[in-house]
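Participant: Quick note on numbering: my numbering labels position 192 of the sequence shown as 192, and the sequence is numbered without any gaps. Every residue gets a Cβ at the ideal spot worked out from N, C-alpha and C, and that includes glycine. Just so we're clear, the structure is a prediction, and the values are computed from it rather than from any experiment. Pasting in a structure now, in structure tokens, and then I'll have a few things to ask.
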Amino acid sequence: MGLAARFTVNKMRFDILTLFPEMFPGYLSQSILNKSINRGLVEIHVHNLRDWTTDRHQKMDDRPFGGGPGMILMVEPVVRCVREVQTMSDTPGQVILLTPQGQTWDQTKVEELAEAKTRYILLCGRYEGFDQRVIDILNPLEISIGDFVLNGGEVAAMVLVDSLVRMIPGVLGDEMSSWDDSFSRGNRLLEYPQYTRPREFEGREVPSTLLGGNHAAIERWRKQKSLENTRIRRSDLLPDDEKTDP
Ligand code: SAM
1 MGLAARFTVN
11 KMRFDILTLF
21 PEMFPGYLSQ
31 SILNKSINRG
41 LVEIHVHNLR
51 DWTTDRHQKM
61 DDRPFGGGPG
71 MILMVEPVVR
81 CVREVQTMSD
91 TPGQVILLTP
101 QGQTWDQTKV
111 EELAEAKTRY
121 ILLCGRYEGF
131 DQRVIDILNP
141 LEISIGDFVL
151 NGGEVAAMVL
161 VDSLVRMIPG
171 VLGDEMSSWD
181 DSFSRGNRLL
191 EYPQYTRPRE
201 FEGREVPSTL
211 LGGNHAAIER
221 WRKQKSLENT
231 RIRRSDLLPD
241 DEKTDP
């Protein structure tokens, strides 16, 4: 992998705006994310949207004008919160509003954003979502993690954090991982099959090419398996010149 393949960002800051801040510490205190925070590569600040309400009951939601089910997150505390949080660091950051109506999050977007931004403000919705004026005023990037409806944006925010931090050089043990992974910059295909010890289990042996130590042959095998895998499972990902059957 040449230097050009490395992401230039060396640190990311996330500000997560939510009605349920308690949902995050467990997740953030584990594994790669926790290590990245301890090594100063990632900073995560979780803010309770309710802290930006001004009334005695800390009211964050109200019934929709025009009627209908559920409650809507009110524009005033949300806009106030985002504006104040933006001033908490040198750069205002990219505001991202989690919504099933947004652009679908995929690896290409992860990489584009990781290349362009170092700070992210993630707005987690609840109930029936945000008052439309939150979007009109803040002009956030609206992101969906898929065509289904979650109860809230918190899990979606974790998905964004998790996928973005992998792009910071040094977060993964081996930077080639994020290059070769399925959908990633290496080739945008599905990854090849992987094996580890033992060499044989219940009569199933590891392919001999992977045991021979011939790196060029291993490389060829993996490329071919990656193409086969993609052809079978996700032919939509194949480049045009690979779309016809071999
Ligand atoms: N009424 C909204 C609609 O139909 O578009 C759905 C609201 S949903 C029950 C509550 C919150 O969960 C949303 O405001 C959003 O923050 C989050 N959410 C739900 N599905 C999501 C998805 N697929 N991607 C990202 N966030 C999602």
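With a threshold of 8 Å (Cβ to nearest heavy atom), would residue 153 be considered close to the ligand SAM?
Facilitator: yes
Participant: Let me confirm a value: residue 239 is counted as buried when at least 16 other C-beta atoms fall within 10 Å, else exposed. Which label applies?
Facilitator: By the neighbour-count rule (16 or more Cβ atoms within 10 Å), residue 239 is not buried but exposed.
Participant: Would you identify the three-state DSSP class for residue 168, choosing helix, strand or coil?
Facilitator: coil
Participant: Quick one: residues in its chain with C-beta nearer than 7 Å to the C-beta of residue 205, no 5 flanking neighbours on either side, listed in chain order?
Facilitator: 199
Participant: Closer than 8 Å: is that where the CB of residue 99 sits relative to any heavy atom of the ligand SAM?
Facilitator: Checking every heavy atom of the ligand SAM against the Cβ of residue 99, one is found closer than 8 Å.
Participant: Can we count residue 114 as close to the ligand SAM, meaning its CB is less than 8 Å from some heavy atom?
Facilitator: no
Participant: Considering only the beta carbon of each residue, do residue 118 and residue 13 sit closer than 9 Å?
Facilitator: yes
Participant: Using 10 angstroms around the beta-carbon of residue 1, count the other beta-carbons present and answer buried if the total reaches 16, otherwise exposed.
Facilitator: Reliability of the predicted coordinates at residue 1 is poor, the pLDDT of 44 falling under 50, and no value is obtained from them.
Participant: Can you give me the C-alpha to C-alpha distance between residue 3 and residue 73, rounded to a whole angstrom?
Facilitator: Only weak support is given to the placement of residue 3: the predicted model assigns it a pLDDT of 43, under 50, and the question is left unresolved by the model.
Participant: Taking 8 Å as the cut-off, is the CB of residue 20 close to at least one heavy atom of the ligand SAM?
Facilitator: no
Participant: Does residue 197 come out as helix, strand or coil in the three-state DSSP assignment?
Facilitator: coil
Participant: Does the contact criterion of 3 or more C-beta pairs under 8 Å hold for the segment 35-51 versus the segment 163-179?
Facilitator: yes
Participant: Three-state secondary structure (DSSP) at residue 4?
Facilitator: Interpretation of residue 4 is limited by its pLDDT of 48, a score under 50 that renders its predicted location unreliable; no figure is taken from the coordinates.
Participant: Relative to the ligand SAM, is the shortest distance from any of its heavy atoms to the C-beta of residue 120 smaller than 8 Å?
Facilitator: no
Participant: Going straight from the alpha carbon of residue 92 to that of residue 208, what length do you get?
Facilitator: 53 Å
Participant: Within its chain, find whatever has a CB closer than 7 Å to the CB of residue 60; leave out the 5 residues flanking it on each side and keep chain order.
Facilitator: 19, 49, 50, 53, 73, 74, 77
Participant: Tell me, please, whether the segment 212-232 touches the segment 181-199 by the rule of three or more beta-carbon pairs shorter than 8 Å.
Facilitator: yes
Participant: Helix, strand or coil for residue 240? Go by DSSP, reduced to three states.
Facilitator: helix
Participant: Just how far apart, CA to CA, sit residue 70 and residue 146?
Facilitator: Computed Cα separation, rounded: 22 Å.
Participant: On the three-state DSSP scale, how would you describe residue 57?
Facilitator: coil
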